[in-house]
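Number of protein chains: 2
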Amino acid sequence: MTENAEPVGRREQNKIDTRRAIADAAFDLALSVGPGSFTVDQIAERAGVSRRTFFNYFHSAEDALTVRTDGFLDLALEVFGRMPQDEPLFDSIVRAFTETTRMEGLSQHGALFRMASTNPDLLRAQLHAWERAEARIVEGLRLRLGSAASDLYLTALVGSVLSCTKAAMRDWAANTPGSAADSGRQLEGRILSALTMLRDGFSDAAPGAVLLHDA
Amino acid sequence: MTENAEPVGRREQNKIDTRRAIADAAFDLALSVGPGSFTVDQIAERAGVSRRTFFNYFHSAEDALTVRTDGFLDLALEVFGRMPQDEPLFDSIVRAFTETTRMEGLSQHGALFRMASTNPDLLRAQLHAWERAEARIVEGLRLRLGSAASDLYLTALVGSVLSCTKAAMRDWAANTPGSAADSGRQLEGRILSALTMLRDGFSDAAPGAVLLHDA
DNA sequence: GTGATTCGTTGCACGGTGTGCAATATTTCC
DNA sequence: GGAAATATTGCACACCGTGCAACGAATCAC
Chain B
5 MTENAEPVGR REQNKIDTRR AIADAAFDLA LSVGPGSFTV DQIAERAGVS RRTFFNYFHS
65 AEDALTVRTD GFLDLALEVF GRMPQDEPLF DSIVRAFTET TRMEGLSQHG ALFRMASTNP
125 DLLRAQLHAW ERAEARIVEG LRLRLGSAAS DLYLTALVGS VLSCTKAAMR DWAANTPGSA
185 ADSGRQLEGR ILSALTMLRD GFSDAAPGAV LLHDA
Chain V
5 MTENAEPVGR REQNKIDTRR AIADAAFDLA LSVGPGSFTV DQIAERAGVS RRTFFNYFHS
65 AEDALTVRTD GFLDLALEVF GRMPQDEPLF DSIVRAFTET TRMEGLSQHG ALFRMASTNP
125 DLLRAQLHAW ERAEARIVEG LRLRLGSAAS DLYLTALVGS VLSCTKAAMR DWAANTPGSA
185 ADSGRQLEGR ILSALTMLRD GFSDAAPGAV LLHDA
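Structural data, given as structure tokens:
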């Protein structure tokens, strides 16, 4: 992943670094003093840039915290794009999301999710991130399915898949200690679980309390 | 609906009126000059209250525009609560939403949806409204299903149902002129369509282009 | 290398936002 | 009618988000 052959110039690299510094500063602050309890000036100061520069990169303090959410969803989309075209759609979707759970810094997502439940602005920013991802995924799927699928079918499908993934992440964030060693597996199991429910039309009238397939 | 026997006092009635006046003023402004192109002061002035009073009722200009969205979802939840307990869950859900399409001022929802696609803050506010409704519906369902259903099942199900409804409304808002006489029917058909896809696990690999059941 | 150019950063200014607080006006209760 | 409860309002203040012009670093042409 580090051997990107692209001759990224100094300018571009600086921007990437700055963006990352700001996002990290915002995340650190959110962790230490809680979301919504710090100002843009504090983020800028910690990131070593001016207040004005912060706003050159993000629209708000909360937006700086959705970088990781965007990363997760972008990664899932990218993984999905690499799936063989002839694989059943459901399998591709499941694999795209479950494989993404092996990404770096997964535990931070749990922390973000938990923060969002106590901070409306952060929640909105995250919902927006999921919404943006939904649009991108719909576009990706449209390429794969061609014009055979209607808009309603596409958006309903993608929305449902993301809702199930979101539900899995919420459940995971709420019930898994951030320091669990098998955190990724826990999330993976929940995503598979929720997407299977979706595939089966939620037909199980009394789904068992046990969600994961083994302990 | 108007014969609420509750003896609402003058105080309570005044608050209801004020809230409504503010929401109406905000909606009118959004329609005439576009969302995001007016200030809280303008809303307050048009509603005949002080700027400070506006903030006693809403947190932001966008929040004042989600009153109708909240109303739609609350109504759906209320209708759902009246469904017979022994009716299949899917039928109850479909009826709850499709019957809600007969509510007053439905065309305004289309306008709101369209506005949200050009205004990030408004979009976020609407997404938040759906999120709040999701939580309420999960609670309602929990009462109906008891402890037989797991949290993951409930949240995945409700999230998917709302995603399909949202997709239906988006499609409807995008493809139906606000002045269509059969606007409600159009939306009703799309909701039924999307929820049926959901029930069938999106198994139709090549869904037809025709969404509604008749022209 | 050196100068010109491009482009990211910064400070400044300014209008708008959101909220705590105390004073005022209105409704309710007895 | 008067006291208590509660809603409205003005004010102050910190913070937000952005246009603009000046400045500085990276890039390009020679």
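Chains as they are written, first to last, in my numbering: chain B, 5 to 219; chain V, 5 to 219. Just so it is clear, CB atoms sit at the ideal spot from N, CA and C, and this is done for glycine as well.
Please list, in chain order, all residues of the same chain as V:Lys170 whose beta carbon is under 7 Å from its beta carbon, the five residues on each side excluded.
Excluding positions up to five away in sequence, the list reads Trp134.
B:Met1 and B:Phe117 closer than 8 Å at C-beta:
Lying outside 5 to 219, the shown extent of chain B, residue 1 of chain B is not represented and no answer is given.
Per DSSP, what kind of secondary structure is V:Gln17 in: helix, strand or coil?
If DSSP states are grouped into helix, strand and coil, V:Gln17 belongs with the helices.
Looking only at its own chain, which residues have a Cβ that is under 7 Å from the Cβ of B:Thr104, when we skip the five neighbours before and after it?
Excluding residues within five positions, the ones whose Cβ falls inside 7 Å are Phe76, Leu79, Ala80, Val83.
Just the chain V side, please: which residues come within less than 8 Å of B:Ala172 by C-beta, in chain order?
Those within 8 Å of B:Ala172 in chain V are Leu156, Ala160.
B:Ser164: beta carbon under 7 Å from a heavy atom of the ligand COA?
Ligands displayed in this structure: none; no statement on the ligand COA is therefore possible.
Is the separation between the beta-carbon of B:Leu110 and that of B:Gly188 shorter than 8 Å?
Yes, they are a contact pair.
In chain B, which residues lie with their C-beta within 7 Å of the C-beta of V:Phe206?
Scanning chain B for C-beta atoms nearer than 7 Å to the C-beta of V:Phe206 yields Leu161, reported in chain order.
Three-pair Cβ contact test at 8 Å for the segment 62-77 of chain B versus the segment 121-133 of chain B
Judged by Cβ distances under 8 Å, the segment 62-77 of chain B makes contact with the segment 121-133 of chain B, as three or more pairs qualify.
Tell me the DSSP secondary structure of B:Val83 in three-state form.
Correct three-state label for B:Val83: helix.
By how many angstroms is the C-alpha of B:Asp28 removed from the C-alpha of V:Ala9?
With a pLDDT of only 41 at V:Ala9, under 50, the local geometry of the prediction cannot be trusted, and no value is derived from it.
Quick one: residues in its chain with C-beta nearer than 8 Å to the C-beta of V:Val162, no 5 flanking neighbours on either side, listed in chain order?
Closer than 8 Å at Cβ, skipping near neighbours: Glu138, Ile141, Val142, Leu145.
Rounded Cβ spacing between B:Thr22 and B:Tyr61 (contact assumed at less than 8 Å)
7 Å between Cβ atoms; contact.
Under 7 Å (Cβ pairs) to chain B, residues found in the segment 174-193 of chain V
Against chain B - using a Cβ distance shorter than 7 Å - the residues of the segment 174-193 of chain V are Arg174, Asp175.
Have a look at V:Leu166, V:Ser183, V:Ile97, V:Gln130 and flag the residue whose alpha-carbon is nearest the alpha-carbon of V:Asp72.
Reading the sequence as shown, one finds Arg at residue 72 of chain V and not Asp. It is V:Gln130 whose Cα lies nearest to the Cα of V:Arg72.
B:Thr57 (DSSP reduced to helix, strand or coil):
Helix.
Whose C-beta lies closer than 7 Å to the C-beta of V:Arg55 among residues of the same chain, with five residues either side of it excluded?
Scanning its chain for C-beta atoms nearer than 7 Å, with the 5 sequence neighbours on each side dropped, one finds around V:Arg55 the residues Val44, Asp45, Ala48, in chain order.
Cβ separation of B:Ala51 and B:Ile20, assumed to be a contact under 8 Å, to the nearest whole Å:
Not quite, the Cβ-Cβ distance comes to about 13 Å (not below 8 Å), so this is no contact.
Going along chain V, which residues have a C-beta under 9 Å from B:His132?
Near B:His132 (Cβ distances below 9 Å), the residues of chain V are Pro124, Leu127, Arg128, Leu131.
Can a CB atom of chain B be found closer than 8 Å to the CB of V:Glu143?
No, V:Glu143 does not count as interfacial toward chain B.
Where the alpha helix (DSSP H) through B:Thr159 begins and ends
Per DSSP, the unbroken alpha helix (DSSP H) holding B:Thr159 starts and ends at 155-179.
Environment of B:Phe31 [buried if 16+ CB atoms lie within 10 Å]:
Buried.
Quick one: grab the DSSP three-state call for V:Ser41.
V:Ser41 falls in the coil class under three-state DSSP.
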